[in-house]
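Enquirer:
Residue numbers (this note's numbering), protein chains in the order written: chain A, 1 to 477; chain B, 478 to 731.
Structural data, given as structure tokens:
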């Protein structure tokens with residue numbers, strides 16, 4: 001996916017004025033907030049579970065080399081293969097290599113953000129292989145040639161009328177005048193279209209919510225069951241996973257799963273939770289003949305030992321973006337990168353550079369709601385601030401901002417001068433706004449006054465008044 | 478053990494100094510009524526948040542050094558803002574990671590720093606403040622006060638004890654879109670956020686909206702007044718100190 005993060009401001013402006021998008025975003029509250037709150041309230045130990053989740057991930061990251069090796073040995077013991085990929089290029093080549101070796105023509109796909117990060121679909125298409133997205137949201141996005149706008153609800157930006165329109169345009173073999181009475185009719189049509197694809201696929205590609213070191217398993221959770229059909233029907237199963245998906249044991253995975261669904265969709269558990277371990281054994285009723293894990297680093301190991309290490313705890317539940325007041329206003333596409341919202345604001349600069357993605361960690365009020373709902377307690381605002389520090393150190397912060405900061409810093413370091421400047425400022429603004437108590441326009445403050453008035457100050461500063469009062473009392477201060 | 482008459486330094490904050498001195502005097506009145514000896518160190522300026530949140534740690538650290546100098550030796554430092562209070566209480570020590578002595582001083586200062594309403598209730602143990610008031614208000618939870626300092630029930634409790642009816646808006650805990658420099662860096666997003674907030678405020682039918690942070694209040698008042706709303710906007714300290722007669726609501730003429 002080509003990043004449009006540098007154009008975030010322009011993207012955001014368009015998003016705010018996009019009536020369809022705003023209609024879709026209005027669903028966030030009923031669909032995500034209330035359900036999560038209810039699920040959390042229903043599990044008294046949820047807060048303790050968050051600590052457990054954080055600790056499991058911290059422990060794993062502290063011993064990541066050990067767990068990766070243990071896991072890889074267990075994958076191979078179960079007949080699978082691990083493809084260690086330092087870069088996105090390596091991972092694309094590994095996937096294509098497997099597909100070409102087995103002569104794949106069609107590849108079915110479960111939902112995977114790593115697939116988006118790698119741009120697997122475009123890569124396969126360029127080499128004559130047809131990828132078919134089987135997650136409903138991803139399926140319609142493939143029809144519309146759009147990237148996901150949300151990490152668990154990829155088509156969250158679309159409304160029902162968009163679905164109907166896209167299906168009519170894409171499924172031209174069906175009667176043009178067919179009526180979609182309800183949501184189920186859309187689902188039924190998608191299911192009918194996809195069923196044949198599942199059966200024809202040579203390779204199935206899924207993501208992984210977790211990798212389990214002690215068993216060498218990968219875990220996926222879905223609500224549609226498409227992941228299971230994707231990974232059990234074809235002869236070859238490829239798992240795309242980044243290395244921070246690791247957890248040590250099945251017990252740990254269970255704890256993480258208890259956090260994941262509640263934080264993501266407010267379910268106690270996803271409808272389908274599937275553990276895959278290696279290839280089909282003798283006597284197994286199903287399972288692939290080949291099981292591959294394409295394990296991606298792509299800048300993540302470089303975060304270890306830095307102020308960004310905590311980000312590697314992320315389990316991609318999307319609670320941060322669901323509860324982000326900025327995401328709720330601009331939607332996921334405005335961020336212009338694979339990962340939107342607060343987790344994206346921290347992760348994206350790692351992937352494409354803070355010079356490209358600088359807007360993302362800046363477009364936050366640091367309200368802290370993301371951190372307050374994060375199932376593994378990632379200090380997201382703190383890490384966004386760390387990106388701003390890197391920007392400032394590298395002189396990437398816009399010149400006007402730097403100049404204003406320097407000027408303000410000069411004054412604020414000198415209390416005497418500060419008293420004088422604030423008195424002049426408060427006096428002038430107070431005088432300008434004296435009649436209405438506010439200003440509707442002010443030079444150099446267009447950002448503020450375009451959408452709101454500027455309340456006028458009282459006129460005198462606190463310190464001037466306080467000094468007068470103290471003199472009146474005989475100079476106590 | 479709580480001293481009978483603790484020495485409290487008031488950290489005025491830039492916005493109170495520049496924009497709404499009455500909030501500072503309201504804080505002094507409330508603290509004195511609670512039995513504190515209040516002083517206002519003269520050498521104070523800003524908590525450093527604009528620099529700190531813009532990635533300029535050097536400037537933030539310089540200002541923090543000034544704060545350590547000006548506010549040493551008091552029993553408590555009290556701030557009529559959750560945002561500046563959160564800066565002093567949680568972030569100041571992180572600016573001295575390389576210097577154990579300064580870090581220890583900063584931590585000691587942080588531990589003695591409280592937001593005004595939290596200090597009155599959580600430290601001084603007040604269940605009510607002097608006076609009486611009436612009317613219906615709605616209360617916006619400023620983000621830092623709520624999430625960094627745990628301020629939620631305290632202001633509501635004091636307001637209700639005064640006789641005020643508190644009517645909750647939808648999502649009082651959602652950001653108003655101020656965010657310090659955010660509101661001028663991303664004005665369209667900020668405006669949209671504060672418009673949602675003003676709609677939630679208006680829907681309560683309350684006469685007045687209160688909060689504990691002037692940044693949010695200027696933003697909210699600016700939007701409500703632009704929309705022509707009659708809802709009054711005030712800092713919670715003005716109501717608690719019985720000083721609403723001293724100054725017109727934010728964004729209104731006297």
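All C-beta atoms in this analysis are idealised placements derived from N, C-alpha and C, irrespective of residue type, glycine included. In this text, all values refer to a predicted model and were calculated from it rather than measured experimentally.
Closer than 8 Å by beta-carbon distance: list the chain B residues that pair up with residue 124 (chain A), in chain order.
Expert: In chain order: nothing, as chain B lies at least about 37 Å away.
Enquirer: Just how far apart, CA to CA, sit residue 465 (chain A) and residue 501 (chain B)?
Expert: 10 Å
Enquirer: Just list the beta strand (DSSP E) runs in the segment 654-722 of chain B, keeping only unbroken ones of 3 residues or longer that don't cross its boundaries, in chain order.
Expert: 685-688 and 709-712
Enquirer: Which whole runs of the alpha helix (DSSP H) in the segment 328-362 of chain A are 4 residues long or more, in chain order?
Expert: 341-352, 354-357 and 359-362
Enquirer: Determine, using beta carbons only, whether residue 664 (chain B) and residue 553 (chain B) come nearer to each other than 7 Å.
Expert: no
Enquirer: Of the residues B:572, B:540, B:563 and B:547, which one's Cα is nearest the Cα of residue 386 (chain A)?
Expert: B:572
Enquirer: What's the C-alpha gap between residue 402 (chain A) and residue 408 (chain A)?
Expert: Put simply, the backbone Cα of residue 402 (chain A) is about 10 Å away from that of residue 408 (chain A).
Enquirer: Is there a C-beta anywhere in chain A that falls below 7 Å from the one on residue 551 (chain B)?
Expert: no
Enquirer: What is the DSSP secondary structure of residue 476 (chain A), reduced to helix, strand or coil?
Expert: Reliability of the predicted coordinates at residue 476 (chain A) is poor, the pLDDT of 49 falling under 50, and the value obtained from them is presented with this limitation in mind. Coil at residue 476 (chain A), not helix or strand.
Enquirer: To which residues does DSSP link residue 481 (chain B) through a beta bridge?
Expert: Bridge partners of residue 481 (chain B): none, in fact.
Enquirer: Taking a Cβ distance cut-off of 7 Å, strictly less, list which residues of the segment 403-427 of chain A are near chain B, in chain order.
Expert: 405, 408, 409, 412, 413, 415, 418, 422, 425 and 426
Enquirer: From what residue to what residue does the alpha helix (DSSP H) around residue 491 (chain B) run?
Expert: Unbroken alpha helix (DSSP H) run through residue 491 (chain B): 491-496.
Enquirer: To the nearest angstrom, how far is the alpha carbon of residue 708 (chain B) from that of residue 496 (chain B)?
Expert: 20 Å
Enquirer: Roughly how far, in whole angstroms, is the beta-carbon of residue 196 (chain A) from the beta-carbon of residue 108 (chain A), given that I think they are within contact range, below 8 Å?
Expert: The pair is not a contact, with the Cβ atoms about 11 Å apart (cut-off 8 Å).
Enquirer: Closest to residue 711 (chain B) by C-alpha separation, out of B:719, B:686 and B:536, would be which residue?
Expert: B:686
Enquirer: What does DSSP give as the partner residue(s) for residue 85 (chain A) in the beta ladder?
Expert: A:296
Enquirer: Hey, which unbroken runs of the alpha helix (DSSP H) at 4 residues or more fall wholly within the segment 23-97 of chain A?
Expert: 34-41, 46-62 and 64-77
Enquirer: Just by C-beta distance, which residues in the segment 601-620 of chain B are closer than 8 Å to chain A?
Expert: Per Cβ criterion, the list reads 620.
Enquirer: Helix, strand or coil: how does DSSP classify residue 308 (chain A) here?
Expert: In the structure shown, residue 308 (chain A) sits in coil (DSSP, three-state: anything other than H, G, I, E or B).
Enquirer: With 16 as the cutoff for other CB atoms within 10 Å, does residue 292 (chain A) come out buried or exposed?
Expert: Here residue 292 (chain A) is buried. Its C-beta has 16 or more other C-beta atoms within 10 Å.
Enquirer: Closer than 8 Å, Cβ to any Cβ of chain B: which residues of the segment 68-91 of chain A, in chain order?
Expert: none
Enquirer: Around the C-beta of residue 115 (chain A), are 16 or more other C-beta atoms found within 10 angstroms, so that it is buried, or is it exposed?
Expert: buried
Enquirer: For the 8 Å Cβ check, are there 3 or more pairs between the segment 24-31 of chain A and the segment 157-168 of chain A?
Expert: yes
Enquirer: Have a look at B:597, B:639, B:622 and B:590 and flag the residue whose alpha-carbon is nearest the alpha-carbon of residue 611 (chain B).
Expert: B:639
Enquirer: How far does the beta strand (DSSP E) with residue 514 (chain B) in it reach, from first residue to last?
Expert: Going by DSSP, residue 514 (chain B) is part of the beta strand (DSSP E) stretching over 514-516.
Enquirer: Do we get a CB-CB distance below 7 Å when we pair residue 436 (chain A) with the residues of chain B?
Expert: yes
Enquirer: At a cut-off of 6 Å, is residue 358 (chain A) close to the ligand PLP when judged by its beta-carbon and the heavy atoms of the ligand?
Expert: Judged by which ligands are present, the structure shown has none, so any question about the ligand PLP falls away.
Enquirer: I'd like the list of long-range same chain contacts for residue 675 (chain B), defined as Cβ closer than 7 Å, with 5 residues on each side in sequence excluded.
Expert: Hits under 7 Å: 697, 700, 701, 704 and 706.
Enquirer: For residue 97 (chain A), is the classification buried or exposed, using 16 other Cβ atoms within 10 angstroms of its Cβ as the cut-off for buried?
Expert: exposed
Enquirer: For the candidate residues B:541, B:556 and B:536, whose alpha-carbon lies nearest to that of residue 490 (chain B)?
Expert: B:556
Enquirer: Along the alpha helix (DSSP H) that carries residue 386 (chain A), what are the first and last residues, could you check?
Expert: 380-393
Enquirer: If we call anything under 7 Å between Cβ atoms a contact, is residue 536 (chain B) one with residue 528 (chain B)?
Expert: Yes, Cβ-Cβ distance for residue 536 (chain B) and residue 528 (chain B) is below 7 Å.
Enquirer: For residue 193 (chain A), collect the residues of the same chain with a Cβ closer than 7 Å to its Cβ; drop the 5 residues on either side in sequence, then sort them by chain order.
Expert: 171
Enquirer: Residue 339 (chain A) to residue 102 (chain A), Cα distance in whole Å?
Expert: Each residue's Cα considered, the two are about 32 Å apart.
Enquirer: Under 8 Å Cβ to Cβ from residue 73 (chain A), same chain only, skipping five residues before and after it: list those, please.
Expert: 216
Enquirer: What residue from A:208, A:214 and A:252 has the CA that sits closest to residue 69 (chain A)'s CA?
Expert: A:214
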